[in-house]
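Residue numbers (my numbering): 523 to 1417. Glycine included, each C-beta is placed from N, C-alpha and C at the ideal position. Please read the structure below before turning to the comments.
Listed below in structure tokens is the structure:
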């Protein structure tokens, strides 16, 4: 043992010595590494874990590159692309009204809104300060201070009134209309005609009565003004218009019963609460609105606004262009006329007055519109008086004002301060804005900062400024006691000043007309203003009869809404309406969500066609509109070499194919559905198993292009539904929780199909060996069933013998019979007759049914076996014939 241990020790020493030698043996080195691999790997893991534990600092990440400017100069939008919130807020605090867009430079909606925001800035740059701020850059102050859920966000800042969020589509015409309401939130009212006009355009008019007897604001006016502004956050399109009455005479005309009164199309509501909280006032006003018709503008994000409206009641939707800048849409005007008449079941005179006012307004607007277009397109630049070019010294005087300045030497100077414009005419100049700006400049200006002046007459200086459209500021001074000739030189003669005032008034009128034309051009760039044809009043009694107040005489009541087809044309296309082919891009559709029906007005939309359309819907005489035209497809004929042929079902062939007396497996798909393409091969593969079976059919249907009754539509794609042969109402949907695989789909079909189909499928999938095995098994099963049947028949005969064999009657007392029944063992006769015999008979019938099914199966198997034998015989014959032909050919070749 010692010798062996010494030898083993010497051997180990040899290995160690050999691996550390000058000429290493790599095979032995790897042998050592393999034997100690786990220990080495464990040690390395411990080392790296310790290093990772020592690295307790934050992960080092690369900083985001500084952003580039989003609104490139010369833009009228001030871009804070580094996210400087404090700098933005300091500028906003100096402005009366500001409009700010919070954007992300990579966001698609922000990039799309950039051009629209620029357009609005060009329209309103004199009255509103426009700014944009990058609120996405991680290093920016805006990103650190605010959490923006989505981009872009547009906010209006009104001095001393707070923030108003714009919640409408970021389209230039919509934004301009929003700013109109911000700059002029209140509308003055003087007579009933104005009230009727406002009710024709809005859903309600909230009127406030305030008397301005002194310079201060009346009690509650500031809160009412604040409420009118804050309402724009939830109502940017002014469903409720805010109006004011400022004298008692007008208040008596409107019969105002309180300071705040809400006028609706069918009622008048009086507000009796306190005006200190504008939130309560707005909540009260919007809770009282009874919409007879309204514009629906779903936001760009996911919204249930439209579904909440159309799911409750059948809805008539008018798709037409909405021109918010003109504040008038003729086709919506017609829809509101019809809706007012439809809901006027009390035949209110006030409602009839609104309708008559709307008809009159449409007539006047249609007549004046063409004249306005011609006037705006007329080129009159050569004949327009240009005051500034003819009298430049007068233009300089239009924005000057006296100022008193004290020099350091103690002299008091009378000065004339002027702001000089960059514009060449008065079209873009606003005198009141210039005077206000000059007043602010003079109040904060110190002339001594420009230098040391010894005399007032030395102060004739001008220097550039950066105030909007102003290029420089000038001062001309003299002693307060002096009446120098220089001042007389600067005075304007009275005749020139009178002539200037006349020219200035004419210029202001022309500038106002130019501004209106400018607004009209913006409006018509968005959409044309088209008018529906007026119906012939002579036959109005025929088609308007029995229509007034129709809502109160039917259960099929309608809700009336309108949608801007320029923005929401996809909604119309989803209903199968191609608005581009319709007259003036206007269509009317009645939608029944519960029944998934839609009815489309054929022809042009007029007041008469809308009335007849509604009357036909109420009477139930409208035909359901199909989104796609009925297509005729070629029948499904299995071509030679093809494995399977699945028929394409359309609206026209649905009932013929699916409702036939056979099992139908219907596959719903859509062209845009990605998963539908990935499972089509699964559906076709399973259909191949059933291709030669008569009792079942596989078909598919394009669910997006074919309209079906609502009970046969699906909510998602792909969907597979099994329709049984004679129980179509018991259709079954493939379980959504299961993956659509060949195994699952085959199991789903076999579970729900009829037994004959299952047998046929089994036969189709069973080969020669399967047939032979099943024939042997069926023979054994038949013998077993026959044995069990004979046993049951014997039991049946035995029971019948016991029950019905004759009994010998002996004279026994009732007491003896009772004693015999108590001592008798085994079942009673009644039990054998009522329970056991019935059970045996049922088992015999069941066993015979099993025998018949086994005989049928055996017959099918024998037919299949004979088919295989015929195929084998035919194949053997062909083989023998070929062998004989080869033999004859060989003999010929030999000869």
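Any idea which residues DSSP pairs residue i with across the strands?
i            : result
residue 792  : 783
residue 1052 : None, per the DSSP bridge assignment.
residue 1038 : Per DSSP, none; premise fails for residue 1038.
residue 710  : 766
residue 1189 : 1222 and 1242
residue 806  : Residue 806 pairs with nothing; no bridge assigned.
residue 653  : 600 and 622
residue 817  : 1084
residue 941  : 995
In the DSSP assignment, find the beta strand (DSSP E) that holds residue i and state where it starts and stops.
i            : result
residue 1085 : 1081-1086
residue 1114 : 1109-1114
residue 926  : 922-928
For residue i, which residues of its own chain have a beta-carbon under 7 Å away from its beta-carbon, when the five flanking residues on both sides are left out?
i            : result
residue 801  : none
residue 641  : 694
residue 748  : 683 and 800
residue 601  : 591, 592, 593 and 654
residue 1070 : 863, 866 and 869
residue 758  : 688, 689, 690 and 700
residue 1400 : none
residue 606  : 663
residue 569  : none
residue 665  : 605, 657, 658 and 659
Quick check: the Cα distance between residue i and residue j, rounded to an integer number of angstroms?
i            : j            : result
residue 812  : residue 730  : 20 Å
residue 1379 : residue 1300 : 8 Å
residue 928  : residue 978  : 9 Å
residue 588  : residue 658  : 11 Å
residue 595  : residue 661  : 24 Å
residue 652  : residue 679  : 10 Å
residue 976  : residue 939  : 19 Å
residue 1102 : residue 672  : 32 Å
residue 648  : residue 1061 : 53 Å
residue 1116 : residue 1231 : 11 Å
residue 1128 : residue 860  : 10 Å
residue 1303 : residue 1309 : 10 Å
residue 623  : residue 603  : 11 Å
residue 828  : residue 1219 : 40 Å
residue 1011 : residue 935  : Model confidence at residue 1011 stands at a pLDDT of 39, short of 50, so the residue's coordinates are unreliable; what they give is reported in the following sentence. Each residue's alpha carbon lies about 18 Å from the other.
residue 959  : residue 621  : 20 Å
residue 1407 : residue 1414 : 11 Å
residue 933  : residue 609  : 39 Å
residue 998  : residue 704  : 40 Å
residue 1467 : residue 706  : The requested residue 1467 is not part of the displayed model; the chain covers only 523 to 1417.
What residue range does the alpha helix (DSSP H) around residue i cover?
i            : result
residue 852  : 852-865
residue 1138 : 1129-1141
residue 1197 : 1196-1211
residue 1378 : 1359-1416
residue 746  : 743-752
residue 664  : 663-667
Within its chain, find whatever has a CB closer than 8 Å to the CB of residue i; leave out the 5 residues flanking it on each side and keep chain order.
i            : result
residue 1044 : 641, 645, 694, 695, 698 and 847
residue 612  : none
residue 1311 : 1366, 1369, 1370 and 1373
residue 763  : 709, 720, 723, 724, 726, 727 and 728
residue 1198 : 1191, 1192, 1239 and 1240
residue 1204 : 1262, 1263, 1264 and 1267
Short of 6 Å in beta carbon distance, which residues of its chain neighbour residue i, apart from the five on each side in sequence? Order them along the chain.
i            : result
residue 692  : 635 and 638
residue 681  : 618
residue 1403 : none
residue 810  : 784 and 791
Counting only C-beta atoms, is residue i closer than 8 Å to chain D at any point?
i            : result
residue 1144 : Included in the structure is just one protein chain, with no chain D present.
### Message
Quick test of the definition: if touching needs 3 or more C-beta pairs under 8 Å, does the segment 879-891 touch the segment 849-862?
### Response
yes
### Query
Can at least three beta-carbon pairs, one atom from the segment 1291-1306 and one from the segment 1374-1390, be found at a separation below 8 Å?
yes
### Contact the segment 1108-1123 vs the segment 864-878: 3+ CB pairs below 8 Å
no
### Query
Does the pairing of the segment 1046-1061 with the segment 826-833 give three or more beta-carbon distances under 8 Å?
no
### the segment 1134-1146 / the segment 1246-1255 touching (three or more Cβ pairs under 8 Å)
no
### Query
Do three or more CB pairs link the segment 1218-1232 to the segment 1181-1200 at distances below 8 Å?
yes
### Query
Per the contact definition of three or more C-beta pairs closer than 8 Å, is the segment 1204-1221 in contact with the segment 1260-1274?
yes
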